[in-house]
Amino acid sequence: MANPSDKVLLDEILGDYHAIVIEGPGSSDNRDPAEVSHRLVQLLNKHWAESHNSKNDEGKRGKKVVITQGDPASDKGIAAITKLVAEKLGVHRFLVAFDDYHAKNADH
-11 MANPSDKVLL
-1 DEILGDYHAI
9 VIEGPGSSDN
19 RDPAEVSHRL
29 VQLLNKHWAE
39 SHNSKNDEGK
49 RGKKVVITQG
59 DPASDKGIAA
69 ITKLVAEKLG
79 VHRFLVAFDD
89 YHAKNADH
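The opening position of the sequence shown corresponds to residue -11 in the working numbering, with each subsequent residue numbered one higher.
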């Protein structure tokens, strides 16, 4: 379980952003990134359309961003998927690196 101070820090960093966190396998993932990203974008848009007027919508919709942990650039896997999702949604990607490997090798 996360430390309560971690949540406060994330709230300060992300503040006015609507974080889209997508996680999955790295380059060992043999699925077609175009198909996976297309399906994810469909599901996200459906969710946002359906929840727009729901009681669960707290009106905290900020500028959307895709959060990535910084996998190395690849033609397949999560690096390719998150890049395509961000492109299809027309949003930026934010890098959150928890270790030196991901910080150095991330697809910037």
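Just so you know, even glycine gets a beta-carbon here, dropped at the ideal spot from N, CA and C. Everything numeric in this text was worked out from a predicted model, so none of it was measured.
Bridge partners - I8, DSSP secondary structure assignment:
Here residue 8 corresponds to residue number 20 of the sequence shown, with the count starting at 1. Looking at the DSSP assignment, I8 forms a beta bridge with V54.
What are the boundary residues of the beta strand (DSSP E) that V80 is part of?
Position 92 of the sequence shown, counted from the start, is the residue given in the question as residue 80. Position check: residue 80 holds His in this sequence, whereas Val was assumed. That run of the beta strand (DSSP E) goes H80 to L83.
When I10, P21 and A91 are compared against K52, the one with the closest alpha-carbon
Here residue 52 refers to the residue found at position 64 of the sequence shown. Among I10, P21 and A91, the Cα nearest to that of K52 is on I10.
8 Å Cβ cutoff met for D63 and D95:
Against the sequence shown, residue 63 aligns to sequence position 75. Against the sequence shown, residue 95 aligns to sequence position 107. No; because the gap between Cβ atoms is not below 8 Å, this pair is not in contact.
Could you check what DSSP says for V90 in three-state terms: helix, strand or coil?
To locate residue 90, count along the sequence shown from 1; it is residue 102. The question names Val, but residue 90 is His in the sequence shown. In the structure shown, H90 sits in a helix (DSSP, three-state: H, G or I).
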